[in-house]
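Each position in the sequence shown, counted from 1, maps to that position plus 30 in our numbering.
All C-beta atoms in this analysis are idealised placements derived from N, C-alpha and C, irrespective of residue type, glycine included.
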Amino acid sequence: MSPSLMALSRDARLVILTGAGISAESGVRTFRDGDGLWERHRLEDVATPEAFRRDPDLVHRFYNERRRGLATAEPNAAHRALVQLESAWAGDLLVVTQNVDDLHDRAGSKHLVHMHGELLKGRCLGCRTVVAWPGDMDCDSRCPVCPTGGMRPHIVWFHELPLCLDPIYEALERCDLFVAIGTSGHVHPAAGFVEAVGPRCRTLELNLEPSRVVSAFQEGRTGRATDLVPTLVAELLS
Ligand code: OAD
Numbered sequence: 031m032s033p034s035l036m037a038l039s040r041d042a043r044l045v046i047l048t049g050a051g052i053s054a055e056s057g058v059r060t061f062r063d064g065d066g067l068w069e070r071h072r073l074e075d076v077a078t079p080e081a082f083r084r085d086p087d088l089v090h091r092f093y094n095e096r097r098r099g100l101a102t103a104e105p106n107a108a109h110r111a112l113v114q115l116e117s118a119w120a121g122d123l124l125v126v127t128q129n130v131d132d133l134h135d136r137a138g139s140k141h142l143v144h145m146h147g148e149l150l151k152g153r154c155l156g157c158r159t160v161v162a163w164p165g166d167m168d169c170d171s172r173c174p175v176c177p178t179g180g181m182r183p184h185i186v187w188f189h190e191l192p193l194c195l196d197p198i199y200e201a202l203e204r205c206d207l208f209v210a211i212g213t214s215g216h217v218h219p220a221a222g223f224v225e226a227v228g229p230r231c232r233t234l235e236l237n238l239e240p241s242r243v244v245s246a247f248q249e250g251r252t253g254r255a256t257d258l259v260p261t262l263v264a265e266l267l268s
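Below you can see the structure in the form of structure tokens.
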């Protein structure tokens, strides 16, 4: 038994943070790997409120392309293993994802928060209502609720506050095991969650390569999410 899992009871409280690496094997591009999105686009051009004010067409095109890409992606064995864990685990389990794809949702995760927003939703620039938005969005897109509002992607951009931080920090303070999967540790506040857990909490990182914050974890395992996550779930349920 690995040090981070030793003597963990079946009703322990779990918080699982996921990043782009868990969706990589579903064909969704990560941000900072060799062929990552931020290698092909400057984030200052497409992922800030300033960029949207400066060139909304460009920003809409960027997210339309990603929304279309999602249509052909399917949840993989790592997403599914987390659902298996959630349905068999006696204690609280919260998945906190930085991913804006819907692969955890489609796999069947129930206790899930999308802290960086959701690609398949839009937000009214006027009344701020969030609505399902499966297709393309452009500067002529209109809010279905209020008559005048234009729409923006329901994405947390750089310089904006992530969503659901209060329930996330409450879960982190209470949790007995914190696992980070497929995230490079470059973006705060998620990169600092490992420091926000209580003193007795076990911490485990699963990633293709050690992240930049791996030294803050009690244990790090390297490999593909579709191998590491089902193995971890089998260990936890054994
Ligand atoms: P990154 O692209 O920064 O990091 C992805 C991590 O996944 C890297 O550490 C890879 O080594 C790892 N990885 C790649 N393939 C993997 C696989 N098959 N199995 C396991 N791990 C794998 O993505 P995030 O850390 O999620 O924010 O990025 C955080 C935030 O930065 C994103 O949510 C996004 C971005 O800018 C916003 O857009 C607001």
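I need the DSSP call for residue i, collapsed to helix, strand or coil.
| i | result |
| --- | --- |
| P177 | coil |
| L35 | coil |
| V263 | helix |
| L100 | helix |
| R83 | helix |
| G51 | helix |
| V243 | coil |
| R40 | coil |
| T256 | helix |
| V160 | strand |
| E235 | strand |
| H189 | coil |
| R70 | helix |
| R182 | strand |
| V89 | helix |
| V45 | strand |
Do you know offhand how far residue i's Cα is from residue j's?
| i | j | result |
| --- | --- | --- |
| G64 | R230 | 37 Å |
| G138 | E74 | 34 Å |
| S268 | Q114 | 13 Å |
| R182 | A101 | 20 Å |
| A220 | P177 | 36 Å |
| I211 | R72 | 25 Å |
| L258 | L88 | 37 Å |
| R158 | W187 | 15 Å |
| L81 | F92 | Here residue 81 turns out to be Ala, not Leu, going by the sequence shown. So the two alpha carbons sit approximately 12 Å from each other. |
| E235 | K140 | 22 Å |
| Y199 | D166 | 34 Å |
| S317 | E249 | Absent from the model: residue 317. The displayed extent of the chain is 31 to 268, so no value can be given. |
For residue i, which residues in the same chain have their Cβ closer than 7 Å to its Cβ, ignoring the five residues on either side in sequence?
| i | result |
| --- | --- |
| A201 | V45 and L124 |
| P86 | C169 |
| E225 | A246 |
| A42 | G121, D206 and L207 |
| A37 | none |
Grab me the residues of residue i's own chain with a C-beta within less than 8 Å of its C-beta, minus the 5 sequence neighbours each way, in chain order.
| i | result |
| --- | --- |
| W68 | F61 and R62 |
| E203 | A226, V227 and G228 |
Apply the 10 Å Cβ neighbour rule to residue i and answer buried if 16 or more other Cβ atoms are within range, or exposed otherwise.
| i | result |
| --- | --- |
| E265 | exposed |
| D131 | buried |
| A191 | Note on residue identity: the sequence assigns Leu, not Ala, to residue 191. When all chains shown are included, L191 counts as exposed. |
| L195 | exposed |
| E148 | buried |
| P105 | buried |
| E116 | buried |
| S214 | buried |
| H189 | exposed |
| A118 | exposed |
| A50 | buried |
| H218 | exposed |
Within the same chain, show all residues whose beta-carbon is closer than 6 Å to that of residue i, passing over the 5 residues directly before and after it, in chain order.
| i | result |
| --- | --- |
| V58 | A103 and D131 |
| S171 | M181 |
Closer than 7 Å to a non-hydrogen atom of the ligand ADP - does that hold for the CB of residue i?
| i | result |
| --- | --- |
| Q114 | As presented, the structure is devoid of the ligand ADP, carrying the ligand OAD as its sole ligands. |
- request: Identify every run of the beta strand (DSSP E) within the region 107 to 152, keeping only runs that are complete inside it and at least 3 residues long; order them along the chain.
  value: Segments of the beta strand (DSSP E) lying fully in the region 107 to 152: 123 to 127 and 142 to 144.
- prompt: If you scan the region 196 to 224 from start to end, which runs of the alpha helix (DSSP H) of 4 or more residues do you find wholly inside it?
  reply: Within the region 196 to 224, no complete alpha helix (DSSP H) run reaches 4 residues.
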